[in-house]
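S.K.: Mind having a look at this structure? Questions to follow.
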Amino acid sequence: MTPREVIKKALEEGRVKLLEHEAFDIAKYYGIPTPNAILVKSPDEAYKYADEVGYPMAAKIVSPDITHKSDVGGVKLFIKNREEAYKAVEEIFRNVSQNAPGAKIAGVIVYKMAPPGLETIIGGIRDHVFGPTVMFGLGGIFVEVMRDVSFRVYPVTFEDALEMIDEIKSSRILNGYRGQPPVDKHALADIIVKTSKLLAENEEIESIDLNPVIAYPQGAVAVDVRIIVKQQG
Amino acid sequence: MHALSKFFQPSSVVIIGATPKEGKVGRAILENFIKRFNGRIYPVNPGYDEVLGLKCYRSIKEIPETPDLGVIAIPAIQVPQALRELGEKGTKAVIIISGGFRETGTKEGEALEEELIKISREYGIRVIGPNCIGVYDNWSGVDTFFTQKMKKPPRGYVAFISQSGAFATALMDWMAYHGIGVSRAISYGNKIDVDDVDLLEYLGEDDKTRVVLMYIEGIKESRGRLFIETARRVSLKKPVVVYKAGKTSRGGRAAASHTAAMAGDYSVYRAAFKQAGLIEVDSFDEMMDVVRIFLDQPLMRGNRVYIVTDAGGVGVMLTDALTSAGFEVPVTPPDLREKLRSILPPHCIVDNPIDLTGDTDDERYIRVLEVLSQREDVDAIVVVALPQVPGIKGTFVDYIAKTKEETGKPVVALTIGSEASMETARRLQEKGVTVFESPERLAKSLKALRAYSSYIIKNRPGCSRIDA
Numbered sequence: 004m005t006p007r008e009v010i011k012k013a014l015e016e017g018r019v020k021l022l023e024h025e026a027f028d029i030a031k032y033y034g035i036p037t038p039n040a041i042l043v044k045s046p047d048e049a050y051k052y053a054d055e056v057g058y059p060m061a062a063k064i065v066s067p068d069i070t071h072k073s074d075v076g077g078v079k080l081f082i083k084n085r086e087e088a089y090k091a092v093e094e095i096f097r098n099v100s101q102n103a104p105g106a107k108i109a110g111v112i113v114y115k116m117a118p119p120g121l122e123t124i125i126g127g128i129r130d131h132v133f134g135p136t137v138m139f140g141l142g143g144i145f146v147e148v149m150r151d152v153s154f155r156v157y158p159v160t161f162e163d164a165l166e167m168i169d170e171i172k173s174s175r176i177l178n179g180y181r182g183q184p185p186v187d188k189h190a191l192a193d194i195i196v197k198t199s200k201l202l203a204e205n206e207e208i209e210s211i212d213l214n215p216v217i218a219y220p221q222g223a224v225a226v227d228v229r230i231i232v233k234q235q236g
Numbered sequence: 043m044h045a046l047s048k049f050f051q052p053s054s055v056v057i058i059g060a061t062p063k064e065g066k067v068g069r070a071i072l073e074n075f076i077k078r079f080n081g082r083i084y085p086v087n088p089g090y091d092e093v094l095g096l097k098c099y100r101s102i103k104e105i106p107e108t109p110d111l112g113v114i115a116i117p118a119i120q121v122p123q124a125l126r127e128l129g130e131k132g133t134k135a136v137i138i139i140s141g142g143f144r145e146t147g148t149k150e151g152e153a154l155e156e157e158l159i160k161i162s163r164e165y166g167i168r169v170i171g172p173n174c175i176g177v178y179d180n181w182s183g184v185d186t187f188f189t190q191k192m193k194k195p196p197r198g199y200v201a202f203i204s205q206s207g208a209f210a211t212a213l214m215d216w217m218a219y220h221g222i223g224v225s226r227a228i229s230y231g232n233k234i235d236v237d238d239v240d241l242l243e244y245l246g247e248d249d250k251t252r253v254v255l256m257y258i259e260g261i262k263e264s265r266g267r268l269f270i271e272t273a274r275r276v277s278l279k280k281p282v283v284v285y286k287a288g289k290t291s292r293g294g295r296a297a298a299s300h301t302a303a304m305a306g307d308y309s310v311y312r313a314a315f316k317q318a319g320l321i322e323v324d325s326f327d328e329m330m331d332v333v334r335i336f337l338d339q340p341l342m343r344g345n346r347v348y349i350v351t352d353a354g355g356v357g358v359m360l361t362d363a364l365t366s367a368g369f370e371v372p373v374t375p376p377d378l379r380e381k382l383r384s385i386l387p388p389h390c391i392v393d394n395p396i397d398l399t400g401d402t403d404d405e406r407y408i409r410v411l412e413v414l415s416q417r418e419d420v421d422a423i424v425v426v427a428l429p430q431v432p433g434i435k436g437t438f439v440d441y442i443a444k445t446k447e448e449t450g451k452p453v454v455a456l457t458i459g460s461e462a463s464m465e466t467a468r469r470l471q472e473k474g475v476t477v478f479e480s481p482e483r484l485a486k487s488l489k490a491l492r493a494y495s496s497y498i499i500k501n502r503p504g505c506s507r508i509d510a
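In order, the protein sequences belong to chains Z and W.
First residue of the first sequence? That's 4 in the working numbering, and the numbers climb one at a time after it.
First residue of the second sequence? That's 43 in the working numbering, and the numbers climb one at a time after it.
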């Protein structure tokens with residue numbers, strides 16, 4: 004589905020938060036690297052696609068009615084093979100039907116877990132004066148406690164994006180510290196530019212969070228994508 | 043001709059609400075125009091046949107021509123009618139001084155403002171205001187600043203756009219006191235039509251304006267993109283210095299109640315200003331320091347600053363301040379060291395800061411500046427001229443100014459003290475050498491100059507002068 008179709012469907016169904024696989028689809032459409040992910044509807048499907056997705060694998064319930072997935076037993080991590088995938092998905096469905104009876108279920112999203120790296124955040128909002136605006140910061144306390152983030156308004160060039168990465172106070176961490184190699188700023192800048200474009204081209208999107216975007220010496224991947232669309236009426 | 047030029051260079055003006063009554067806004071404005079405006083003035087007031095020696099018209103209809111500019115200073119409730127009559131007359135530029143509109147937070151006020159918007163669109167009238175002090179033009183004499191206790195600054199090259207009328211007035215007063223010349227100042231109040239974007243565009247093309255200063259609380263919704271594009275274009279021609287009020291949430295609330303504008307999220311503003319090439323300042327001190335440095339100094343092409351001082355301590359303070367601001371205060375290279383040694387007494391310190399010590403005379407400054415001005419590896423010179431030392435007579439002032447002119451590089455000065463210091467500062471400023479009293483403020487201003495210079499060098503290679 005194109006981003007437009009995904010957004011239209013969500014709005015028709017009265018949802019303002021896109022489901023995980025929908026958000027991934029939109030990100031992917033704009034060339035933002037995301038994990039290899041598939042929405043499965045049954046343990047059998049999980050078994051069938053597991054090898055294709057890759058390991059270690061994560062499985063998470065997808066439901067517009069469930070916000071805290073782990074609380075209802077809707078998350079399984081570090082799945083190592085197709086047999087485990089079958090069991091994990093089976094268990095997730097069972098847990099959810101017990102702990103959140105009546106919740107609407109879209110399926111279970113299974114994806115290859117990203118290896119550890121430096122956690123960053125790339126976000127976007129629609130500012131009422133300047134329009135599409137993107138944000139960059141480092142994950143965890145850097146954003147939450149230090150509020151160490153930088154912004155740029157649309158249009159954002161690749162050069163602007165590199166500049167905003169260097170603008171945060173803790174930017175030296177990106178250059179490598181305590182023996183860590185520097186991370187791939189070009190890959191991050193590329194995601195920032197694409198996020199800006201994504202916001203600009205889809206007026207219904209109010210905000211987007213790529214959190215975390217895990218940065219490596221080569222490449223970066225948006226492990227979680229949250230997209231909020233405009234409430235109708 | 044620019045769409046807004048009738049606000050600034052009209053050949054005739056009608057003042058609705060002109061009155062001989064002392065202390066009234068209508069009188070103050072009329073007096074301003076009589077004093078300095080060379081075009082035709084038409085006072086309108088149904089109660090008079092003559093005001094301050096001018097024929098007074100009972101209504102707008104009776105005026106024998108179409109005035110280029112209308113100024114309205116009457117109670118809010120009568121403003122729509124006056125605006126409509128100006129529309130009928132064919133006047134296309136109107137400044138509405140009157141308050142009592144949206145800013146009151148009442149339904150009536152809001153409805154009146156909506157009516158003004160409707161009428162202005164119907165007749166294609168450009169409007170500044172309402173609820174503002176309007177336009178102060180030092181070159182044409184258009185002056186609706188009714189705050190008569192304000193000293194008027196001399197003619198000059200700084201333009202000022204302010205969302206706050208009171209601040210505009212105070213700043214003009216301050217600039218008058220400090221002898222800083224102003225080209226035009228505009229306070230637009232509720233901005234139902236003409237806003238920051240329009241004014242910035244106009245001042246960008248205005249050859250009497252070399253530096254634009256903006257005081258912004260909030261930009262109109264949907265005008266953000268255009269603001270950035272305009273600012274970017276203007277910034278390539280001349281520096282635009284911006285002060286954003288309403289940065290904190292507390293300040294934000296104050297701004298929102300001050301005018302009907304919503305101050306946007308500051309982080310986004312900051313990013314937008316940066317992308318637009320604007321020079322953002324954080325305080326009133328910095329605002330005026332930066333304006334002064336832009337008025338007088340050429341582009342700064344590199345990062346290396348040399349300090350010439352008669353006071354070791356101040357040299358160290360400056361080194362700290364400049365280094366913290368991101369400048370290099372290079373250690374004097376061997377060839378320069380040798381040269382300085384040959385022209386200075388042995389007790390002088392030839393490291394950078396170059397310390398001429400407390401027994402210096404003007405001559406030492408002159409000799410050192412002569413050497414520094416020949417060097418390629420000097421990007422700016424800071425002269426510390428504390429006048430308390432006995433040997434200084436003041437002849438070095440001309441030489442400092444000459445060094446600036448001849449090298450085409452920034453040369454700024456620092457003096458601290460009482461009358462003698464003020465006198466040195468005054469003489470230096472007169473000759474275009476920017477003077478500071480504090481090392482930190484000097485460093486911050488030089489940093490703004492450097493940042494703007496880099497922006498120009500990157501985007502307009504080959505440009506050598508700030509106002510080119």
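We put the CB at the ideal spot given by N, CA and C, even for glycine.
(1) By the 7 Å beta-carbon criterion, what residues does the region 157–179 of chain Z contribute toward chain W?
(2) For W/K131, I'd like the list of residues in its chain whose CB is within less than 6 Å of its CB, leaving aside the five on either flank, ordered along the chain.
(3) Using the beta-carbon of each residue, which ones in chain B are nearer than 7 Å to W/S309?
(4) Run down chain Z in chain order and give the residues with a C-beta less than 9 Å from the C-beta of W/I261.
(5) Considering just the uninterrupted stretch of the beta strand (DSSP E) at W/R82, what are its terminal residues?
(6) Kindly give me the distance between the Cβ atoms of W/I321 and W/V276, rounded to whole angstroms, as I take these residues to be in contact under 8 Å.
(7) Nearest CA to the CA of W/L111: which residue from W/V55, W/K286, W/G207 and W/L378?
(8) Could you give the DSSP three-state label for W/G246: helix, strand or coil?
(9) Which residue wins for smallest C-alpha separation from Z/V43, given the options Z/G110, Z/K20 and Z/A26?
(10) Have a look at Z/S278 and Z/L80 and give me their C-alpha separation to the nearest angstrom.
(11) Could you tell me the boundaries of the alpha helix (DSSP H) in which Z/M60 lies?
(12) Report the option in W/N80, W/I76 and W/G171 whose CA atom is closest to the CA atom of W/I114.
(13) Count Cβ pairs between the region 100–108 of chain Z and the region 135–151 of chain Z that sit closer than 8 Å; are there 3 or more?
(14) Going residue by residue through the region 398–478 of chain W, where are the continuous beta strand (DSSP E) segments of at least 3 residues, counting only ones entirely within it?
(15) So W/L491 packs on W/Q339, CB below 8 Å; how close in whole Å?
(16) Roughly how far, in whole angstroms, is the beta-carbon of W/V169 from the beta-carbon of W/I139, given that I think they are within contact range, below 8 Å?
(17) W/G183 and W/F50 - do their beta-carbons sit closer together than 8 Å?
(18) Applying the criterion that 16 or more other CB atoms from any shown protein chain within 10 Å of the CB defines a buried residue, is Z/A61 buried or exposed?
(19) Taking the beta strand (DSSP E) that Z/K20 belongs to, which residues open and close that run?
(20) Mapping DSSP to helix, strand and coil, what is Z/D187?
(21) For W/Q317, go through chain Z and note every residue whose CB falls closer than 8 Å to its CB, in chain order.
(22) DSSP three-state label for W/S54, please.
(23) Between which two residues does the alpha helix (DSSP H) carrying W/K149 extend?
(24) Between Z/N84, Z/A13 and Z/I176, which has its C-alpha nearest Z/P67's C-alpha?
(25) Taking the CB atoms as reference points, tell me whether W/S495 and W/M342 lie closer together than 8 Å.
(26) Compare the C-beta of W/R267 with all C-beta atoms of chain Z and state if any pair is closer than 8 Å.
(27) Using a Cβ-Cβ cutoff of less than 6 Å, which residues in the same chain neighbour W/R292 once the five nearest sequence positions on both sides are dropped?
(28) From Z/D187 to Z/P158, what does the alpha carbon distance come to, in whole angstroms?
(29) Can you round the beta-carbon distance between W/V347 and W/V424 to whole angstroms, since I take them to be within the 8 Å contact cut?
(30) Does the region 47–59 of chain Z come into contact with the region 86–94 of chain Z, if we say contact requires no fewer than three beta-carbon pairs (one atom in each stretch) closer than 8 Å?
(31) Quick check on W/Y497: buried or exposed, where buried means 16 or more other Cβ atoms within 10 Å of its Cβ?
(32) Hey, out of W/F202, W/D362, W/G89 and W/V350, whose CA is closest to W/E405's CA?
(33) Pull up the CB-CB distance for Z/V226 and Z/P38, whole angstroms please, since I reckon it's below 8 Å.
(34) Using 8 Å as the limit for Cβ to Cβ distance, is Z/T136 near chain W?
(35) Are the C-beta atoms of W/I234 and some chain Z residue less than 8 Å apart?
(36) Would W/A363 pass as a contact of W/E247 if the rule is Cβ separation under 8 Å?
M.R.: Working from what's here:
(1) D163
(2) I102 and T108
(3) Structure shown: chain B not included; protein chains present are Z and W.
(4) V132 and F133
(5) R82 to V86
(6) Beta-carbon to beta-carbon, W/I321 and W/V276 are separated by about 12 Å, too far to satisfy the 8 Å threshold.
(7) W/V55
(8) helix
(9) Z/G110
(10) Only positions 4 to 236 of chain Z appear in this structure, which leaves residue 278 of chain Z out of reach.
(11) No alpha helix (DSSP H) contains Z/M60, which is instead part of the beta strand (DSSP E) from M60 to V65.
(12) Comparing Cα positions, the closest option is W/G171.
(13) They do not touch, by the three-pair rule.
(14) 422–426, 453–456 and 476–478
(15) 6 Å
(16) That belief does not hold up - the Cβ atoms of W/V169 and W/I139 are roughly 11 Å apart, past 8 Å.
(17) Using a Cβ distance threshold of 8 Å, W/F50 and W/G183 do not count as a contacting pair.
(18) buried
(19) No beta strand (DSSP E) holds Z/K20; DSSP gives it neither H nor E.
(20) coil
(21) R155, V156 and D163
(22) strand
(23) K149 to Y165
(24) Z/A13
(25) yes
(26) yes
(27) Residue confidence for W/R292 is low, a pLDDT of 43 falling below 50, so the modelled location carries little weight; the figure read from the coordinates is stated next. Hits under 6 Å: none found.
(28) 22 Å
(29) 6 Å
(30) yes
(31) buried
(32) W/V350
(33) 6 Å
(34) yes
(35) no
(36) no
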